[in-house]
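Numbering (my numbering), first residue to last: 57 to 440.
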């Protein structure tokens, strides 16, 4: 790798070995998670495929919260000498180009693939039809939200929102006492229970308001209930920042003695809830089990974060290179997952082999695409 290559120039920034590893590990989890979607869609058709997808998919749920926690480590504190406008231009401006590029590219790729390569796809999770009208619709409605072809981009929309408030939160963190931060984190921890409280409220007699089942002030004319402003991914970021500020100091035996059972319980709730809710065919309800900002997914996320941080992994040039490319892999991998499923489905291999092989091939192809794009000045901005 030449000293002036794009990856080498990015490497000049401060690198943290265990964060680099966690970024690569988390992006692998994301890819496996999306490979699982093709198998959970087999519910009622092939129960074995569904069970495998549900098991591995549940195991992968910490992937996005881990990215949020890594952002908390890397982005806090925001530089004090940077104006708000400069921060927005640097952070939001840098992800707008990838958002636009992949919002246009992925629908076109899928349109071509599922019209001319696999006109009769085996994947039951696809959301079509893949005709010209649908393509045109998806090429302009991205300004409102993502669509099936661009599903992973939901995270980019969310990240823009995080960036909008990040300087404000960072300023508070700089001046807040440990006790104040713990108070906010305790409130946030309670919000991880809110999805389940809302789910069980009707069983206790709650009937909602005007056909809206929101709680604590949330209703048809107000989406911002009591805990709206203290919930979500920002809590993961604040938690990670606090853990860097006040690291957990205990023996390895005590750490693993607490976090291993914590992870197992969190996973068990996630998996068992998903397979029990899946027959409802109500996706709002089904996603409750896999909700990123829920207590069960948190119970899986925190242990992984602490395990990797405790490992004290040293920075390696190859690891840093992969970590730098992880954002680009996140952006481009989704269509490759779908194509891989179509290629592997006719092989007749066991579902678990096809799923994992698809994940490995998707990672290899995605990293290769990102590496190629990063070597081209014109395309570099779309993956980094």
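C-beta atoms are modelled at their ideal positions from N, C-alpha and C, and glycine is treated no differently.
| Check | Outcome |
| --- | --- |
| Residue 348 and residue 154 closer than 9 Å at C-beta | no |
| Where the alpha helix (DSSP H) through residue 407 begins and ends | 407-430 |
| Endpoints, alpha helix (DSSP H) assigned at residue 363 | 351-367 |
| Alpha-carbon spacing of residue 211 relative to residue 205, whole angstroms | 14 Å |
| Sub-9 Å separation of residue 326 and residue 353 beta-carbons | yes |
| Opening and closing residue of the alpha helix (DSSP H) in which residue 179 lies | Looking at the DSSP string, residue 179 is not in any alpha helix (DSSP H), and its letter there is neither H nor E. |
| Residue 76 in three-state terms, based on DSSP | helix |
| Simplified DSSP state of residue 388, which is helix, strand or coil | helix |
| Integer-rounded CB distance, given that residue 351 should sit under 8 Å from residue 248 | 4 Å |
| The region 105-118 in contact with the region 406-422 per 3-pair CB rule at 8 Å | yes |
| Per-residue burial, residue 282 [other beta carbons within 10 Å of its own, 16 or more giving buried] | exposed |
| Local conformation of residue 119 per DSSP, three classes | helix |
| Endpoints, alpha helix (DSSP H) assigned at residue 4 | The structure shown does not extend to residue 4, since the chain spans only 57 to 440, so no value can be given for it. |
| Proximity of residue 392 and residue 418 at Cβ, strictly below 9 Å | yes |
| Helix, strand or coil at residue 379 [DSSP, three-state] | helix |
| Coil, strand or helix - residue 187 by DSSP | coil |
| Coil, strand or helix - residue 275 by DSSP | strand |
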